[in-house]
Amino acid sequence: MYKSAESVGKLVSQLSRLPGIGRKTAGRLAFHILKISDEEARELAASIIDVKEKVGNCSICFNISESDPCALCTDDKRDKSIICVVEEASDIIALGKAEDFNPLFHVLGGKLSPLDGIGPDDLYIKELLSRLDDSISEVVVATNPDVEGEATAIYLNKLIKPFGVKVTRIARGLPVGGDLEYADGVTITRALQGRQEL
Amino acid sequence: MRIDRIVLTNFRNFESGELTPAFGANIFFGDNGAGKTNLLEALFTLCLGRSQRGARDVMMVREGNGDFFRIEGIGHIGQPSSEQEVKLACAYQKGGRKKITVDENPVRISRLYQLFRIVSMAPEDVSLFSGSPGTRRRFLDLHLSQGSPTYLADLTDYNKALAQKNSFLKNSPGMECPFDPLLIQLGSNIMKARHNYIEFLNNNAPDYYRKIAGEQSERSLSSFSASYKPNVDFETPDEIASCFEDKLNRYRPKESILEMAIVGPHRDDIEFTVSGFPIKGYGSMGEQRSAAVAVMMASADFLEEKQGEKPILLLDEVFAELDPSRRENLAALFESFEQIFLTTAVAPPAVLYDNARVYHIADGKIREG
Chain X
42 MYKSAESVGK
52 LVSQLSRLPG
62 IGRKTAGRLA
72 FHILKISDEE
82 ARELAASIID
92 VKEKVGNCSI
102 CFNISESDPC
112 ALCTDDKRDK
122 SIICVVEEAS
132 DIIALGKAED
142 FNPLFHVLGG
152 KLSPLDGIGP
162 DDLYIKELLS
172 RLDDSISEVV
182 VATNPDVEGE
192 ATAIYLNKLI
202 KPFGVKVTRI
212 ARGLPVGGDL
222 EYADGVTITR
232 ALQGRQEL
Chain L
422 MRIDRIVLTN
432 FRNFESGELT
442 PAFGANIFFG
452 DNGAGKTNLL
462 EALFTLCLGR
472 SQRGARDVMM
482 VREGNGDFFR
492 IEGIGHIGQP
502 SSEQEVKLAC
512 AYQKGGRKKI
522 TVDENPVRIS
532 RLYQLFRIVS
542 MAPEDVSLFS
552 GSPGTRRRFL
562 DLHLSQGSPT
572 YLADLTDYNK
582 ALAQKNSFLK
592 NSPGMECPFD
602 PLLIQLGSNI
612 MKARHNYIEF
622 LNNNAPDYYR
632 KIAGEQSERS
642 LSSFSASYKP
652 NVDFETPDEI
662 ASCFEDKLNR
672 YRPKESILEM
682 AIVGPHRDDI
692 EFTVSGFPIK
702 GYGSMGEQRS
712 AAVAVMMASA
722 DFLEEKQGEK
732 PILLLDEVFA
742 ELDPSRRENL
752 AALFESFEQI
762 FLTTAVAPPA
772 VLYDNARVYH
782 IADGKIREG
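So the sequence lines, in the order shown, correspond to chains X and L. The working numbering numbers the first residue of the first sequence as 42 and each following residue consecutively. The working numbering numbers the first residue of the second sequence as 422 and each following residue consecutively.
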């Protein structure tokens with residue numbers, strides 16, 4: 042049986058530890074890396090080391106950032122009376138696509154899931170509560186609309202209410218540009234439950 | 422709605438088999454153990470993605486050669502004027518997961534619940550009266566899920582949240598579970614739906630019982646009733662959420678000690694009574710069978726009211742243990758259905774038999790005529 046060079050094998054097993062990458066894809070990536078120029082390979086390696094060295098978490102909102110506090114927390118153009126709560130830093134990018142919505146953000150670092158060993162103390166919830174002062178008028182909870190995200194949202198609502206701050210939840214229902222005809226019964230029912238007066 | 426064609430491969434005792442069912446009655450004739458019930462199971466699995474008798478997928482693979490089973494079928498849903506053809510398939514390979522497709526696209530089981538509705542009746546339905554509360558909850562969930570996709574979604578989410586809560590109670594005893602508010606919200610929806618369904622059964626099943634037993638029957642179960650025994654007591658459905666929360670608050674210390682969620686619809690039950698007594702110890706076997714059929718007929722009405730179409734009936738030896746007059750009365754009730762499938766070892770009443778398509782089942786083979 043033929044075995045490839047040891048260093049190639051090592052690269053393949055390193056790559057296959059990345060999320061969404063199996064043995065086969067890792068092999069394909071490794072052979073691609075073998076073919077690229079030395080310079081390109083060095084750039085790739087350097088940028089991996091770079092993010093590890095330079096990027097950390099903002100100590101206010103726990104977004105990923107090269108500076109502390111992060112660019113979002115120090116941005117004067119943002120509406121500093123609203124905090125939008127998300128599960129992961131990557132969700133901020135998704136919410137950034139929204140127009141006319143420039144709030145401050147707060148990254149929880151996950152969602153409540155005792156089955157995975159994640160309880161309230163494992164999330165940045167205390168840090169969120171410590172941000173609630175008189176300048177904050179609304180907290181928008183934008184956790185995912187699954188069971189754990191929903192439970193996290195309801196739990197946060199209970200904690201934040203006593204602070205006298207309005208707590209809102211992102212709506213769920215029909216996608217924009219979607220056709221009513223193709224929506225399933227559950228989606229339609231949920232959309233109707235969240236209907237609004239015109 | 423109806424099934425027009427079903428093809429089996431390696432399913433139970435059938436290496437291969439094909440049926441082209443007709444409108445109205447389709448009768449599976451055969452000796453005990455010939456595989457008649459297996460055909461009903463194939464139909465149920467094709468339409469709802471699992472066995473009506475609770476068999477695991479691996480148990481439905483043919484013994485001996487073969488490590489998979491496959492069921493394919495074509496059916497129609499909707500009113501005759503606007504009916505729509507649907508192609509279903511369900512395949513399982515040992516060690517793998519069951520694959521379900523609708524019109525050749527992979528789907529989740531929940532999608533199936535929005536297509537074909539099935540009411541299945543079998544001798545073991547008397548376990549509704551004699552079995553555990555879990556049996557009765559499965560009965561509720563099977564019919565409510567077919568009647569309402571929202572119920573199925575709420576139930577699925579409730580069970581996920583319940584698993585999270587049980588894990589939380591084991592790891593953080595003494596603390597208030599963050600999943601409780603969501604469980605209250607979903608659990609209240611579930612209990613409200615169950616309350617309405619059981620009220621429907623209570624209004625409709627006694628009448629069916631009288632029709633089966635015959636008006637002149639002295640022992641007619643005129644006072645037959647079904648009542649909901651929710652884990653959380655309430656006066657009106659609107660109060661469920663607040664009653665649920667109260668009970669949770671009272672039982673929190675107990676849940677903490679037991680490390681288990683003990684408040685909620687996962688602890689519900691139904692009580693079936695005759696003249697105020699549980700049916701289990703009161704009626705004869707024939708009377709219990711009649712009562713079970715009455716409950717299933719009322720469930721079929723419930724699905725028709727919810728979805729505007731009669732469900733398909735799967736009837737496993739429903740005439741056994743019934744006297745001739747009850748058989749005739751029962752057969753008359755089935756006439757109005759678009760399609761029924763019936764297994765029997767003896768000739769069924771003429772009213773069904775005369776216009777039926779008959780299949781003889783023997784040695785793992787299906788023969789029409």
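Even glycine gets a Cβ: it sits at the ideal position worked out from N, Cα and C.
Any Cβ of chain X closer than 8 angstroms to the Cβ of L/Asn-592 would place that residue at the interface, and such an atom is present.
Residues of the region 148-160 of chain X with a C-beta less than 8 angstroms from any C-beta of chain L: Leu-153, Ser-154, Pro-155, Leu-156, Gly-158 and Gly-160, listed in chain order.
No Cβ of chain X is located within less than 8 angstroms of the beta carbon of L/Thr-522. What X/Thr-230 touches in chain L, judged by beta-carbon distance under 7 angstroms, is Thr-571, going in chain order. Taking a 10 Å sphere around the C-beta of L/Ser-757, we find fewer than 16 other C-beta atoms and assign the residue as exposed.
The C-alpha of X/Gly-218 lies about 12 angstroms from the C-alpha of X/Ala-224. Burial is judged here by how many other beta carbons sit within 10 angstroms of a residue's own beta carbon; L/Met-480 has fewer than 16 and is exposed. The residue from L/Gly-516, L/Pro-501 and L/Ala-582 with its alpha-carbon nearest to that of L/Met-681 is L/Ala-582. The CB of L/Ser-588 comes closer than 7 angstroms to the CB of Pro-155 and Leu-156 in chain X, given here in chain order.
Rounded to whole angstroms, the gap between the alpha carbons of L/Ile-495 and L/Leu-735 is 17 angstroms. Rounded to the nearest angstrom, the Cβ distance from L/Tyr-630 to L/Ser-711 is 6 angstroms, consistent with a contact under 8 angstroms.
For X/Gly-226, the C-beta contacts it makes with chain L under 7 angstroms involve Gln-535, Pro-570 and Thr-571, in order along the chain.
Residues of chain X with a Cβ closer than 7 angstroms to the Cβ of L/Gln-473 do not exist, since the nearest Cβ in that chain sits about 23 angstroms away. Three or more beta-carbon pairs separated by less than 8 angstroms link the region 734-749 of chain L to the region 699-714 of chain L, which places the two stretches in contact.
In the DSSP assignment, L/Cys-468 falls within the unbroken alpha helix (DSSP H) covering 457-469. Contact between the region 643-663 of chain L and the region 591-602 of chain L is absent: fewer than 3 CB-CB pairs across the two stretches fall below 8 angstroms. In this structure, X/Val-180 sits near X/Ile-201, with a CB-CB distance shorter than 8 angstroms. Interface annotation, X/Tyr-196: in contact with chain L, CB-CB separation under 8 angstroms. Burial is judged here by how many other beta carbons sit within 10 angstroms of a residue's own beta carbon; X/Leu-233 has fewer than 16 and is exposed.
DSSP places X/Leu-145 inside the beta strand (DSSP E), whose first and last residues are 144-148. Closer than 7 angstroms at the C-beta level to chain X, one finds no residue of the region 448-480 of chain L. As computed with DSSP, L/Ser-437 is found in a beta bridge with L/Thr-430. Per the coordinates, the alpha-carbon of L/Ser-720 lies some 15 angstroms from the alpha-carbon of L/Val-547. Rounded to the nearest whole angstrom, the C-alpha separation of L/Asp-689 and L/Pro-554 is 7 angstroms.
Per DSSP, the beta-bridge partners of L/Met-542 are L/Leu-736. Among the residues of the region 597-618 of chain L, those with a Cβ less than 7 angstroms away from any Cβ of chain X are Pro-599, Phe-600, Pro-602 and Leu-603, in the order of the chain.
X/Lys-199 reaches chain L at Pro-602, counting residues in chain order whose Cβ is nearer than 7 angstroms. For the pair L/Ser-588 and L/Leu-461, the CB atoms are not nearer than the 8 angstroms cut-off. The beta strand (DSSP E) runs of length 3 or more contained entirely in the region 153-214 of chain X are, from start to end of the chain, 179-182 and 207-210. The C-beta of L/Ala-584 comes closer than 8 angstroms to at least one C-beta of chain X. Taking a beta-carbon distance threshold of 8 angstroms, X/Ala-212 does not count as an interface residue toward chain L. Between L/Glu-725 and X/Ile-105, the alpha-carbon positions lie close to 55 angstroms from each other.
Judged by their CB atoms, X/Ser-57 and X/Ser-122 are not nearer to each other than the 8 angstroms cut-off. L/Glu-436 places its beta carbon less than 8 angstroms from that of L/Arg-483.
Below 8 angstroms, too few C-beta pairs join the region 511-531 of chain L and the region 659-669 of chain L to call them touching: fewer than three.
Taking CB atoms only, X/Ala-139 has no neighbour in chain L less than 8 angstroms away.
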